[in-house]
Amino acid sequence: MVNTSFFGLVGMNRMIKNKMLMQTPLSIKEKMGYAAGDVASNFYWRIFDVFLFIFYTDVFGLSAAAVGTMMLVTRLIDAFTDPLMGAMADRTQTRYGKFRPYLLWGIFPIVAAGVLTFTVPDFDESGKLLWAYGTYIFMMLTYTFINVPYGALLGVVTSNTQERTTLTSFRFIGAFSGGTLVAYLTPELVSYFSDAFGAGNEVIGWQCTMALYGLLAAVLFSITFFTTKERISPPKDQKTPIAQDIKDLLNNKPWLVLFSLALIIMLTITLRGSSGTFYFKYYAGREDLIGSFAMVYMLSLAVGAASTPLLTKYFDKTQLLQYLMLIVGFLSIVFYFVPKDNLLLMFSLQILIGLALGPKSPLVFSMYADTADYSQYRTGRRATAMIFSAAAFAQKLGGALAGGL
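The numbering of the sequence shown is my numbering, which starts it at 1397 and goes up by one.
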């Protein structure tokens, strides 16, 4: 009887200790380490968002209609692989956790895919289109392989909701900082490498640029792996049928709201990012300002993301999100009426839209982590990666619709 009580006391103390560990404030080192992963991700995502469409039309030689269709088809295929990746990550068991190992396993595939996507083969038009489909699908699958576990990592680092909001803010400061570098430096790097190694061949410039970004991403993903720790695990006796995970997801009403919202937000962001390059090249007639326009947008997004923890001290997350999206909608309508020679107003509205859009990602993703807790509270089961992979599905579906439009 004494021994039983003793072991029961030890177990209870361990439970209390684990709960305190999950609530412990995260160190700056861990927050910055986690943010490094989204800097790495944006060496790819921001390229897709800002430059890939114009690369396919102006360098690769495909028609805009063919590219739009390809992006719709390939992103739809990729979007449906996200829940599968989430299910696989949730069922992964290693000494390093469920999600962190993918940050290392995915490095070589994503680096190779980045270079191949920006390779132009000496094929006829049909052959080129097949190459574009194949390499772009490969690119998006490798991005899913590494990014879904990275996103799910947010849900198991801490259970403290305010710490999650802060951690997500760090993440998106990293994302928008990486996006800023990509938006500003990519045209310069492509031009430099084209002249230095390709005798003016722009394709060589793109390949070298993607190889450089791949090297930097490998270092940053490794930093995230070594500086973060998984503290939250599913119940030990949890059964893991995938059908039950999906059923739990569809019965999680807060998650369904966030899913719909993420789709709309990504539709907005992708349309703005992809059309911005064409807007300045063909409408404003200032191709030289594409990098600067994208850079100020990324910087304003980063400032907006950084302000999120402060804003959530004074506003409820859901109300804050509603107000910010109303502001974005109003300013986007105003942007339509800007004359093509009023560059100052274009840049000013772009900055204001970025400041209003910046907090939406930290808000939404911290709320996704909360819905994982909510699902476990209701069902007694936890499927963190499934929650986040389905969120990525919404984002990619929004991106696919935007690309098609």
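Don't be surprised by glycine CBs; every beta carbon is placed ideally from N, CA and C.
Specify, as a first and last residue, the run of the alpha helix (DSSP H) that D1712 falls within. For D1712, there is no enclosing alpha helix (DSSP H), as DSSP marks it with neither H nor E.
So the alpha helix (DSSP H) S1656 belongs to, where does it begin and stop? Counted as a single uninterrupted DSSP element, the alpha helix (DSSP H) harbouring S1656 occupies residues K1649 to F1674.
To the nearest angstrom, how far is the alpha carbon of R1442 from that of Y1773? The alpha-carbon atoms of R1442 and Y1773 are separated by roughly 36 Å.
For I1503 and L1652, I'd like the C-alpha separation in whole angstroms. Answer to the nearest angstrom: the Cα atoms are 32 Å apart.
For the alpha helix (DSSP H) that contains L1543, what are its first and last residues? Note that residue 1543 corresponds to Asn in the displayed sequence, not to Leu. Element bounds for N1543: E1521 to V1553.
Where do the ends of the alpha helix (DSSP H) carrying L1458 lie? Segment: none, L1458 is in no alpha helix (DSSP H) and carries neither H nor E.
Report buried or exposed for A1639, applying the criterion of at least 16 other Cβ atoms within 10 angstroms of its Cβ. Classification of A1639: exposed, given that the 10 Å Cβ count is below 16.
Give a yes or no on contact between the stretch 1766-1783 and the stretch 1717-1725, applying the rule of three or more CB pairs nearer than 8 Å. Judged by Cβ distances under 8 Å, the stretch 1766-1783 makes no contact with the stretch 1717-1725, as fewer than three pairs qualify.
Going by DSSP in three states, P1421 sits in which element: helix, strand or coil? In the displayed model, P1421 falls within coil according to three-state DSSP, outside both helix and strand.
What are the boundary residues of the alpha helix (DSSP H) that includes K1643? Segment I1638 to L1646, the alpha helix (DSSP H) holding K1643.
Please go through the same chain and pick out, in chain order, the residues whose beta-carbon is closer than 6 Å to the beta-carbon of A1571, but skip the five residues on each side of it. Answer for A1571: D1434 and N1438, listed in chain order.
Proximity below 7 Å, CB of F1621 to CB of L1500: Contact: yes.
Chain C within 7 Å of S1744, Cβ atoms only: In the structure shown, chain C does not exist; there is a single protein chain.
Report yes or no: do the stretch 1456-1476 and the stretch 1602-1609 share at least 3 C-beta pairs separated by less than 8 Å? With the cut-off at 8 Å, the stretch 1456-1476 and the stretch 1602-1609 do not touch.
Could you pull out every residue in the same chain whose Cβ sits closer than 8 Å to the Cβ of G1681, ignoring the five residues on either side in sequence? K1736.
Close Cβ partners of S1785 (< 6 Å) along its chain, the five nearest in sequence each way excluded: Only D1478, P1479, M1481, G1482 and V1544 meet the Cβ criterion.
Three CB pairs or more closer than 8 Å across the stretch 1444-1461 and the stretch 1739-1749: With a cut-off of 8 Å, the stretch 1739-1749 and the stretch 1444-1461 do not count as touching, because too few Cβ pairs lie within range.
Within 7 Å, strictly: CB atoms of L1659 and L1801: Taking 7 Å as the Cβ cut-off, L1659 and L1801 do not qualify as a contacting pair.
Under three-state DSSP, which class holds V1734? It is coil, neither helix nor strand.
C-alpha gap between A1798 and I1665, whole angstroms: Straight-line measurement puts the Cα of I1665 at about 9 Å from the Cα of A1798.
Can you tell me whether S1590 is buried or exposed, with buried defined as 16 or more other CB within 10 angstroms of its CB? Taking a 10 Å sphere around the C-beta of S1590, we find 16 or more other C-beta atoms and assign the residue as buried.
Whether F1352 touches A1431 by CB criterion (7 Å): This structure gives no information on residue 1352, because the portion of the chain shown stretches from 1397 to 1801.
Rounded distance between the beta-carbons of V1692 and L1751, thought under 8 Å: Contact flag wrong, Cβ pair sits at about 11 Å.
Coil, strand or helix - R1487 by DSSP: Coil, per DSSP.
Tell me whether Y1679 sits in a helix, a strand or coil according to DSSP, three-state version. Helix at Y1679.
Considering Cα atoms alone, identify which of M1536, K1494 and G1601 is closest to F1476. That would be M1536, whose Cα lies nearest to the Cα of F1476.
How should D1644 be labelled, buried or exposed, when 16 other C-beta atoms within 10 angstroms of its C-beta is the threshold for buried? It is buried - the Cβ of D1644 has at least 16 other Cβ atoms within 10 Å.
Please name the residue, chosen from Y1529, L1512, G1574 and I1661, that lies closest to I1600 on a Cα-to-Cα basis. Nearest of Y1529, L1512, G1574 and I1661 to I1600, Cα basis: L1512.
On the CB-based measure, 16 or more other CB atoms within 10 Å of its CB, does P1583 come out buried or exposed? It is buried - the Cβ of P1583 has at least 16 other Cβ atoms within 10 Å.
Whose C-beta lies closer than 6 Å to the C-beta of L1417 among residues of the same chain, with five residues either side of it excluded? In this prediction, L1417 scores a pLDDT of 47, lower than 50, which makes its location untrustworthy; no coordinate-derived value is stated.
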